[in-house]
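Take a look at the structure set out below.
Residue numbers (full-length UniProt numbering): 1 to 209.
This is the structure:
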């Protein structure tokens, strides 16, 4: 989509399917892996509460086939809305760490007065939807930043974009986002998104790792 393409982009900041796995997929650190292993061991050794008579056992997680079917349905919904679910390239202007450093003195609750257009890309690590707002934590291989998605702002540039984002973008997906910058009242540097593009779905990425 044209509003995602930014001018004066150096070749090193252009994401393609050949580079996505090594540029935007952060790996767990050794500390994180140890913590995960320890937590798993604790869960494994904990005693399970007795199952009341007449109750049904909890259903198992969705099968790979069911997950795949959901992903394919989401891709179809995006295409029907006029969006490419797995865009081939995205022109990134900055890594998240660069933005965090450049705008470290931006006060809480203030937007960038210059309204500099930026474009970032990475994996969605967390997603919160609160009415007409959505907050996504985006991480690349140099850091992370918050995507601040306002329904009215996004829909002005990408009609129907907020509802699509709310229902179709999942934790683990690779996305590209463009917009201007703001530091929230809680001190979180954020991209005020005017465009969000699914670059790779979590289902597709699992085949690459």
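The beta carbon of each residue, even a glycine, is placed where N, CA and C say it ideally should be.
If you're wondering where the values come from, they're calculated on a predicted model, not measured in any experiment.
Residue 100 (DSSP reduced to helix, strand or coil) | helix
Residue interval of the alpha helix (DSSP H) (run including residue 166) = 161-168
Validate contact between the stretch 108-128 and the stretch 138-157 using beta carbons, cut 8 Å, 3 pairs = yes
C-beta atoms of residue 126 and residue 165 nearer than 9 Å | no
Report back the beta-carbon spacing between residue 142 and residue 180 to the nearest angstrom; my notes put them in contact at under 8 Å.
-> Not really, about 20 Å apart at Cβ, beyond 8 Å.
May I ask which residues mark the beginning and end of the alpha helix (DSSP H) holding residue 112?
-> Element bounds for residue 112: n/a, residue is neither H nor E.
In three-state DSSP terms, what is residue 55?
-> For residue 55, the predicted model reports a pLDDT of 48, less than 50, meaning its position is unreliable and no value from the coordinates is stated.
Residue 175 and residue 198 closer than 9 Å at C-beta = yes
Using the Cα positions of residue 113 and residue 182, report the straight-line distance between them to the nearest angstrom.
-> 9 Å
Please confirm if residue 177 has its CB atom under 9 Å from at least one CB of chain B.
-> This model lacks chain B altogether, as it is built from one protein chain only.
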